[in-house]
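Trainee: Residue numbers (our numbering): 798 to 1346. Take a look at this one; I'll ask things after.
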């Protein structure tokens, strides 16, 4: 599709969730602009990849299918970013298809940590925490450090950063940092808490220390906290205002339903978001999607940018560029921009396992635990298989699998995550191969989860391990300061200001909510600029980076 004479073109590099959300938002409000999405691969969606597979061999009289998610598998509806995603889903008209997991479910309340050679249920309430602190060695070890926290001196250097591990150890003690926090970083970032930036990963805790001198003291009533009326953090204030604005735009019944929702997905996984966006973009008259089109060169011009691409259409002139690809790739195309590619990305294996009777009958075996799953901390002894955690998919997001006439599940689906920080710095030849990852995952189900070897031997119907390279960016210590330098470069240089927008997981959060909210915010700013409303604030939002600062 060639652009009309005089028609402005916005090029979007990358067809993941960020690029698609931006393209959709721009195309709706700028019908006279040409929107061109350029995706290097032969599929859209980035790391979001939902797939259904048959559980049984064709000769078995069963139509059971299991949903596989090689990337993210659920979303949280909370806070501003969560509501922004709900706004997009409302525009896509797919909110009625959502599979809601209530806060009262076992998936929401039962989460485990593998410690001391066994699974430990983590508390889900304040009173549960008190009971667990007396009962579980895991929490007893951490309790002294937690109780001392209000008297720990606050960090005096406001313009510095430290690792998540350093912050938690300093304020709450090493037991909490080594066990629970390292496990959380394994599960969310496939990362090492000793390397990740506290200001980027746990900004709310850093802000509480800065404002109140103590994280726990900030939770006390005013009469017990002399610093209760500390000035509100600018970033938090901005997010609260935006939260209120988006809440007013949403259907009140949807907002109300989300109050009782822990997480949600869709019957066919989060890939439904990608397919809905794709279908609407394909139907848009002003949108062009080019697959298998790799950007090889970007040349700034007086009118915007000249892009050289692989494939059939090798040249593209654009007035604006929305770069929604990994920063390591963008850094090779725009080497003058600072700090691109500084952070490494995690490589890990995701192993899908489906357990079901061989004859296709209903699943009678019950797992030793019910809940979302379990994580493995860095402190776990003898974790030679480098397990990060296991998700009990059948419990975590129910109603995505096949059931019999009586409502009993046809199978049990699990996902085992391996590698991450254990594989940092290793060459491809040093990583375990697919088959070895599958063997490690099966051992984890027996040795950590406690599934008998006899059940594993007779019930594994599907087993697939994929090694995913360079997935989740690791926001190393100092990340917000590097992003601030990048942000000011975009604002203060005519080659980039109001022309270049940076989106995706490299900058301001690694989750889908992060990607969608940043993409929609930046696109809204671009829209106002293109329609004639211009201000310094819009230039700031249009960089795509304010949420990363």
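For every residue, glycine included, the Cβ atom is placed at its ideal position computed from N, Cα and C.
1. With DSSP collapsed to three states, give me the class of residue 857.
2. Residue 1050 to residue 898, Cα distance in whole Å?
3. With DSSP run on the structure shown, which of helix, strand or coil describes residue 1008?
4. Once the 5 residues before and after residue 866 are set aside, which same chain residues still bring their CB inside 6 Å of it?
5. Rounded to the nearest angstrom, what separates residue 869 and residue 844 at their Cα positions?
6. When we look at the beta-carbon of residue 1149 and count the other beta-carbons within 10 Å, is it buried (16 or more) or exposed?
7. Just checking my contact of residue 997 with residue 1272 at CB under 8 Å: how many whole Å lie between their CB atoms?
8. Take residue 811 and list the residues in its own chain whose beta-carbon comes closer than 6 Å to its own, dropping the five residues that flank it on each side.
9. Mapping the DSSP letters down to three states, classify residue 984 as helix, strand or coil.
10. By the DSSP assignment, the alpha helix (DSSP H) with residue 934 in it spans what residues?
11. Please state whether the Cβ-Cβ distance between residue 1300 and residue 1073 is less than 7 Å.
12. Sorted by chain position, which residues of the same chain lie with C-beta nearer than 6 Å to residue 958's C-beta, five sequence neighbours on each side aside?
13. Let me know if residue 987 comes out buried or exposed under the rule of 16 or more other beta-carbons within 10 Å of its beta-carbon.
14. Do residue 1208 and residue 1280 come within 7 Å of each other at the CB atom, strictly closer than that value?
15. By a C-beta neighbour count over all protein chains shown, 10 Å radius and 16 as the cutoff for buried, is residue 831 buried or exposed?
16. First and last residue of the alpha helix (DSSP H) that includes residue 1258?
17. Given that a residue counts as buried once 16 or more other Cβ atoms are within 10 Å of its Cβ, and exposed if not, what is residue 1126?
18. If we call anything under 7 Å between Cβ atoms a contact, is residue 1013 one with residue 946?
19. If you draw a straight line from the alpha carbon of residue 1178 to that of residue 1225, how long is it in whole angstroms?
20. Count the other CB atoms within 10 Å of the CB of residue 1230; is the residue buried (16 or more) or exposed (fewer)?
21. Take every Cβ of the segment 821 to 828, pair it with every Cβ of the segment 1099 to 1113, and state whether three or more of those distances are shorter than 8 Å.
22. Measuring CA to CA, which of 1186, 813, 804 is closest to residue 1313?
23. Got a sec, what are the start and stop residues for the alpha helix (DSSP H) residue 1286 sits in?
24. Would you verify that the beta carbon of residue 958 is, or is not, closer than 7 Å to some beta carbon of chain C?
25. Let's see if you can read the secondary structure: which residues bound the beta strand (DSSP E) around residue 833?
26. Alpha carbon to alpha carbon, how far is residue 878 from residue 1308? Give it in angstroms, no decimals.
27. Using CA coordinates, which residue listed in 912, 1006, 990, 938 is at the minimum distance from residue 950?
28. With a 10 Å radius around its C-beta and 16 neighbouring C-beta atoms as the bar for buried, classify residue 1068 as buried or exposed.
29. What do you get for residue 1170, buried or exposed, if any count of 16 or more other CB atoms within 10 angstroms of its CB means buried?
30. Are the segment 1076 to 1089 and the segment 1041 to 1055 touching, with three or more C-beta to C-beta distances below 8 Å?
Mentor: In short:
1. As a first step, residue 857 must be located in the chain shown, where it is residue number 60. It is coil, neither helix nor strand.
2. The count along the chain shown starts at 1 and reaches residue 1050 at position 253. The count along the chain shown starts at 1 and reaches residue 898 at position 101. Looking at the two C-alpha atoms, the distance is approximately 16 Å.
3. By one-based count along the chain shown, residue 1008 stands at place 211. DSSP places residue 1008 in helix when its eight states are reduced to three.
4. Along the chain shown, read from residue 1 onward, the residue named residue 866 stands at position 69. Cβ neighbours of residue 866 beyond the five flanking positions: 847, 1066.
5. As a working note, residue 869 is residue 72 in the chain shown. As a working note, residue 844 is residue 47 in the chain shown. Rounded to whole angstroms, residue 869 to residue 844 spans 7 Å at the Cα level.
6. For this step, residue 1149 is matched to residue 352 along the chain shown. Under this definition residue 1149 is a buried residue.
7. Indexing the chain shown from 1 puts residue 997 at position 200. Indexing the chain shown from 1 puts residue 1272 at position 475. About 4 Å separates the two Cβ atoms, so the contact holds.
8. Start at 1 with the first residue of the chain shown, and residue 811 comes out as number 14. Same-chain partners within the cutoff: 1121, 1122.
9. The residue given as residue 984 occupies position 187 in the chain shown. Helix.
10. The count along the chain shown starts at 1 and reaches residue 934 at position 137. Counting along the chain, the alpha helix (DSSP H) containing residue 934 begins and ends at 934 to 945.
11. If you number the chain shown from 1, residue 1300 lands on position 503. If you number the chain shown from 1, residue 1073 lands on position 276. Result no, Cβ atoms of residue 1300 and residue 1073 do not sit closer than 7 Å.
12. By one-based count along the chain shown, residue 958 stands at place 161. Correct list, in chain order: 994, 996, 1274, 1275.
13. The residue given as residue 987 occupies position 190 in the chain shown. Its Cβ being crowded by 16 or more others within 10 Å, residue 987 is buried.
14. As a working mapping, residue 1280 is identified with position 483 in the chain shown. As a working mapping, residue 1208 is identified with position 411 in the chain shown. Taking 7 Å as the Cβ cut-off, residue 1280 and residue 1208 do not qualify as a contacting pair.
15. Here residue 831 corresponds to residue number 34 of the chain shown, with the count starting at 1. Answer is buried; the Cβ neighbour count reaches 16.
16. As a position in the chain shown, residue 1258 is number 461, starting the count at 1. Element bounds for residue 1258: not the alpha helix (DSSP H) but the beta strand (DSSP E), 1257 to 1265.
17. Here residue 1126 is taken as the residue at index 329 of the chain shown, counted from 1. Its Cβ being crowded by 16 or more others within 10 Å, residue 1126 is buried.
18. Here residue 1013 refers to the residue found at position 216 when the chain shown is read from its first residue. Here residue 946 refers to the residue found at position 149 when the chain shown is read from its first residue. Yes, they are a contact pair.
19. Walking along the chain shown from the start, residue 1178 turns up at place 381. Walking along the chain shown from the start, residue 1225 turns up at place 428. For residue 1178 and residue 1225, the distance between alpha carbons rounds to 26 Å.
20. Counted from its first residue, the chain shown places residue 1230 at position 433. Counting Cβ neighbours within 10 Å, residue 1230 comes out exposed, since fewer than 16 surround it.
21. no
22. As a working note, residue 1313 is residue 516 in the chain shown. Nearest option by C-alpha distance: 813.
23. Within the chain shown, residue 1286 is the residue found at index 489, counting from 1. Element bounds for residue 1286: 1276 to 1289.
24. No chain C is part of this structure, which consists of one protein chain only.
25. As a first step, residue 833 must be located in the chain shown, where it is residue number 36. Its beta strand (DSSP E) spans residues 831 to 835.
26. Indexing the chain shown from 1 puts residue 1308 at position 511. Indexing the chain shown from 1 puts residue 878 at position 81. If you take the alpha carbons of residue 1308 and residue 878, they lie about 10 Å apart.
27. By one-based count along the chain shown, residue 950 stands at place 153. If we check each option's Cα against that of residue 950, 1006 comes out closest.
28. If you number the chain shown from 1, residue 1068 lands on position 271. Counting Cβ neighbours within 10 Å, residue 1068 comes out buried, since at least 16 surround it.
29. Working through the chain shown from its first residue, we reach residue 1170 at position 373. Buried: at least 16 other Cβ atoms inside 10 Å.
30. no
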